[in-house]
Every structure is written in structure tokens, then in C-alpha cells.
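Asks: Numbering (the working numbering), first residue to last: 494 to 754. The C-beta atom is built at its ideal place from N, Cα and C for all residues, glycine as well. Shown below is the structure under consideration.
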């Protein structure tokens, strides 16, 4: 198995990762000479990798002392990764509990630019499977997840997320900013967002935001079910999702997820 992995390795990238791992694991800033001696790599090669990683913000370079260390870009990525891990970890029990109680699919997603990205999906033990998969991106305007997040944002922030064209995913998908804003306004009043066949034909979703300690939306969770089943579940589903979201918020660090979008 290792040989098969090595077959597809890109040697310069592998060497760059050696440099990255060494510098990032040191308790102090290091010099070019230290890295060369530790990794037994050509000095010119190591210098180029150090400069490239510094330009990307992953390393910092103290020019006067000519030493390299972990940069702010790397620290931001580490913080975001930790926050996402925290989110998924805290949400896990809640997602499982809702699926067990309703026997319907539950989704967890975060906002990335003008899309929602599914970071966890718990499917009920039913024959029907929905289109969304972990890692899939769907437009903010076509999902209850996106509407729920937008409902907790100022109007100018919502407007900045909307492009000039609204991708139609079904014949019911919202295709204009005015209608989307109305749906967002309704979600603010209700405390949850609705999506009826707008992202997938015949499927209704109820979505609620997950907030950080400052009241900023960091994610959303939703329940998906065929239209006929969801008709009688909406209020109970919304209540269960809201309670779960409050518990997740209470367990999250104050800063939530920063810089993820």
C-alpha cells in the first residue's frame, strides 16, 4: 500500500512538507543552516521552500535575524481547523439524537463564500437517499441552511453574498434577490428557515442557525424529508433543531469560527 502511495507522490512537494513539518515543530525560530543540517537537503532547495512558505504566510521570516518560524497564515488555518473539529464534535450527539427521534436525515453545514458546504450528514435508516453528501457545496439561496445563516446577518452582508445570477436547481428555486430577502425576513421572524423543493425536487427542509457566543452565525443544521412527511413535522422539527443548536452554541468557544468564509 505504501509503494502505491509513493507512486503518486510529487517529490518537490514531499520535500517542501519536510521543511514545513520541521520548522512548525520547533519551539523556536530556526535558521536556514539549521534546516539544511536537520533534513540533509541542498541549501538552495531549502532556501526556496522557506521563502515560498513565507510568501504564502505559512511561515514568518525575521529578516534582521534571518530566522524562520510559524506564520499568521498557518495559525489561522490551525484555529479554523480546531473550530471546525469542535463544531463537528459538539454537533455529533445532537445530530444522532434528532435522527433517532424523527428517523429523518439531518445536515450540518457552514458558509463558504456564497455557498453552504456540508460538513456532516446523518441519514435515517430509510431506503430514500438525498443528493447532498459531505463536502458538497450548494447555493445559499436554494437551501434552508443558507437562509438560516443569512437570517442572522445584517442586510448589507446578505446582499454581498448574492450574485447577479441565481442558479436554478429545480423549478421552485428562488431566482431573484427580492424573493430571497423575503424568505430571509420570514426566517428571522420564525426563528427557522424553510426550503420546499428548491434544492431537490419533492424534498422539504427546515433549517436553523448555529451561533457563536457573540451571536454570529457559524453554521446551520437542517432536517430533510419528502414533502408529504415533512408537512406534519415542521413545528416539531424546528423546535428540536433549535434546542440542539442552542446546546451546540453553549459548548462552542466564544470566538467560534473566524475567517472560514
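Note the first and the last residue of the continuous beta strand (DSSP E) segment covering residue 552.
Replies: Looking at the DSSP string, the run of the beta strand (DSSP E) that includes residue 552 is 552-555.
Asks: If I'm right that residue 711 touches residue 705 with Cβ under 8 Å, what's the distance once you round it to whole angstroms?
Replies: Yes, residue 711 and residue 705 are in contact; Cβ-Cβ is about 5 Å, under 8 Å.
Asks: In its own chain, which residues sit with a C-beta less than 8 Å from the C-beta of residue 494, not counting the 5 before and 5 after it?
Replies: Its pLDDT being 45, under 50, residue 494 is placed unreliably by the model, and nothing is read from it.
Asks: Measuring only the C-alpha atoms, how far is residue 675 from residue 669?
Replies: The alpha-carbon atoms of residue 675 and residue 669 are separated by roughly 10 Å.
Asks: Whole angstroms are fine: how far does the CA of residue 584 sit from the CA of residue 738?
Replies: Cα to Cα, residue 738 sits roughly 8 Å from residue 584.
Asks: Taking the alpha carbon of residue 666 as the point to measure from, which residue in 538, 531, 632 and 507 has its own alpha carbon closest?
Replies: Here the closest residue by C-alpha is 632.
Asks: Give me the Cβ distance between residue 612 and residue 601, rounded to the nearest whole Å; I'm assuming they're in contact under 8 Å.
Replies: With 8 Å as the limit, residue 612 and residue 601 qualify as a contact, their Cβ atoms being about 5 Å apart.
Asks: Keeping to the same chain, check which residues put their C-beta closer than 6 Å to that of residue 634; ignore five residues upstream and five downstream.
Replies: Contacts found: 659, 667 and 673.
Asks: Count the C-beta pairs between the region 543-561 and the region 685-700 that are closer than 8 Å, then say yes if the count reaches three, no if not.
Replies: Touching, no.
Asks: Looking at residue 609: is its Cβ nearer than 8 Å to the Cβ of residue 639?
Replies: Yes, these two residues count as a Cβ contact at 8 Å.
Asks: Expressed to the nearest angstrom, what Euclidean distance is found between the alpha-carbon atoms of residue 688 and residue 614?
Replies: For residue 688 and residue 614, the distance between alpha carbons rounds to 17 Å.
Asks: Quickly, what does DSSP pair residue 698 with across the bridge? List them, please.
Replies: Answer is 688 and 717, bridged to residue 698.
Asks: Got a sec? Which residues, its chain only, sit under 6 Å from residue 690 by beta carbon, not counting five neighbours each side?
Replies: Around residue 690: 663 and 665.
Asks: Helix, strand or coil, according to DSSP, for residue 609 in the structure here?
Replies: Here residue 609 sits in strand by DSSP.
Asks: Using a Cβ-Cβ cut-off of 6 Å (strictly less than) and excluding sequence neighbours within five positions of residue 733, which residues of its own chain qualify?
Replies: Here the set comprises 591.
Asks: In or out: residue 716 buried (at least 16 other Cβ within 10 Å) or exposed?
Replies: So residue 716 ends up on the buried side.
Asks: In this structure, does DSSP put residue 521 in helix, strand or coil?
Replies: Residue state, collapsed to three classes: coil.
Asks: Could you say which of 605, 565, 616 and 693 lies nearest to residue 599 if we only look at CA atoms?
Replies: The shortest C-alpha separation from residue 599 is found at 616.
Asks: For residue 542, tell me which candidate among 566, 520 and 516 has the shortest Cα-Cα distance.
Replies: Residue 542 has its Cα closest to that of 516, out of 566, 520 and 516.
Asks: With DSSP as the reference, identify every bridge partner of residue 661, one or two as the case may be.
Replies: Residue 661 pairs with nothing; no bridge assigned.
Asks: Measuring CB to CB, does residue 641 end up less than 8 Å from residue 686?
Replies: A contact, by the Cβ cut-off of 8 Å.
Asks: Relative to the alpha-carbon of residue 742, which residue among 526, 571 and 581 has its alpha-carbon at the smallest distance?
Replies: Per the Cα distances, 581.
Asks: Identify whether residue 676 lies in helix, strand or coil by the three-state DSSP scheme.
Replies: Residue 676 falls in the helix class under three-state DSSP.
Asks: Tell me residue 704's beta-bridge partners as DSSP assigns them.
Replies: According to DSSP, which records beta bridges pairwise, residue 704 is partnered with 710.
Asks: Buried or exposed: which applies to residue 561, given that a residue is buried once 16 or more other Cβ atoms fall within 10 Å of its Cβ?
Replies: Buried, since its Cβ has 16 or more Cβ neighbours within 10 Å.
Asks: Assuming residue 651 and residue 677 form a contact by the criterion Cβ under 8 Å, report the distance between their Cβ atoms to the nearest whole angstrom.
Replies: Contact holds; Cβ gap of about 6 Å.
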